[in-house]
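In my numbering, the protein residues as written are 7 to 210. In this text, a Cβ means the ideal position worked out from N, Cα and C, and glycines have one as well. See below for the structure under consideration.
Written out as structure tokens, the structure is:
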């Protein structure tokens, strides 16, 4: 009788161990799946923010063309160039910008945060914010915080570098802008970076 009781107790302990092992394995699988899904979603969001940065700068270049066509002057009273507000006239100097969206009348603006020495990507003005309306994302500067906005986990910095390319064995040169839109974010897996790049010319 005691032998049977001992066997039953042992079998029960083994059964409990098997169930616990299966439960732990299933829980680990669920957690891993959720983590992988979240990481995938974060990467998609980061890619969208990075691509948006490129398109906003492209839009500023296109807007400069329109201002040139209408003989508009910039804030200093000078005529617009195709790359006004996007870096400097000197080649190979990196300038960095954040993008601020003004919903009434202005639209997107590129706000310079450095030049020529790039700062750390994680500065207070490089975070992306979601305004209370939830209709768009924007960035803010340290001196002009985004009132009523919720800060996301993402930062975005647009690096702009003017360059000159030689064509036809050096007989012709053309200016262009190298763009890199860098998005960073931190989650339980650590710090992540995602870049989107483009090259803009003065070609319509």
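7 Å Cβ shell around residue 182 - same chain, five flanking residues per side excluded: Here residue 182 refers to the residue found at position 176 of the chain shown. If we look at residue 182 and ignore the five residues flanking it on each side, its Cβ neighbours are 169, 171, 205, 206 and 207.
Sufficient close CB pairs (3 or more, under 8 Å) joining the stretch 67-76 to the stretch 89-98: yes
Closest by C-alpha distance to residue 157, when choosing among 164, 175, 135 and 84: Numbered from its first residue, the chain shown carries residue 157 at position 151. Per the Cα distances, 135.
Bounding residues of the beta strand (DSSP E) (the contiguous stretch that carries residue 167): In the chain shown, residue 167 corresponds to position 161, counting from 1. 156-173 is the span of the beta strand (DSSP E), which, as asked, contains residue 167.
Residue span of the beta strand (DSSP E) that contains residue 102, given as start and end: In the chain shown, counting from the first residue as 1, residue 102 sits at position 96. Residues 100-108.
Residue 188 to residue 194 span [Cα, whole Å]: The residue labelled residue 188 in the question sits at position 182 within the chain shown. The residue labelled residue 194 in the question sits at position 188 within the chain shown. Rounded to whole angstroms, residue 188 to residue 194 spans 20 Å at the Cα level.
Pairwise C-alpha distance: residue 30 and residue 186: Numbered from its first residue, the chain shown carries residue 186 at position 180. Numbered from its first residue, the chain shown carries residue 30 at position 24. Their backbone Cα atoms lie some 44 Å apart in a straight line.
Pairwise C-alpha distance: residue 78 and residue 84: Against the chain shown, residue 84 aligns to sequence position 78. Against the chain shown, residue 78 aligns to sequence position 72. Looking at the two C-alpha atoms, the distance is approximately 9 Å.
Identity of the residues DSSP links to residue 183 by a beta bridge: In the chain shown, counting from the first residue as 1, residue 183 sits at position 177. DSSP, once it has assigned bridges, lists 168 and 206 as partnering residue 183.
Nearest neighbour of residue 143, chosen from 166, 115 and 67 [CA to CA]: For the purposes of this step, residue 143 is taken as residue 137 along the chain shown, with counting starting at 1. Of the candidates 166, 115 and 67, the one whose C-alpha sits nearest the C-alpha of residue 143 is 115.
Enclosing beta strand (DSSP E) for residue 135 [first to last residue]: The residue labelled residue 135 in the question sits at position 129 within the chain shown. Residue 135 -> beta strand (DSSP E) spans 133-136.
Alpha-carbon spacing of residue 210 relative to residue 192, whole angstroms: Taking the chain shown and counting its residues from 1, one reaches residue 210 at position 204. Taking the chain shown and counting its residues from 1, one reaches residue 192 at position 186. Going by the C-alpha atoms only, they are around 39 Å apart.
Sequence-distant residues of its chain with Cβ nearer than 6 Å to residue 165 (five each side left out): Here residue 165 corresponds to residue number 159 of the chain shown, with the count starting at 1. Counting only Cβ-Cβ distances below 6 Å, and skipping sequence neighbours, we find 100, 102 and 186.
Cutoff 6 Å; reference residue 124; Cβ partners in own chain excluding five residues on either side: Taking the first residue of the chain shown as position 1, residue 124 is located at position 118. With a pLDDT of 47 at residue 124, under the threshold of 50, the predicted position of this residue should be treated as unreliable, and no value is reported.
Distance, residue 81 Cα to residue 63 Cα: Residue mapping note: residue 63 aligns to position 57 of the chain shown, counting from 1. Residue mapping note: residue 81 aligns to position 75 of the chain shown, counting from 1. Rounded to the nearest angstrom, the two C-alpha atoms are 19 Å apart.
Coil, strand or helix - residue 23 by DSSP: Sequence index remark: in the chain shown, residue 23 carries index 17 (1-based). It is helical.
Per-residue DSSP class, three states only, for residue 72: Your numbering for residue 72 matches position 66 in the chain shown. Of the three classes helix, strand and coil, the one that applies to residue 72 here is helix, per DSSP.
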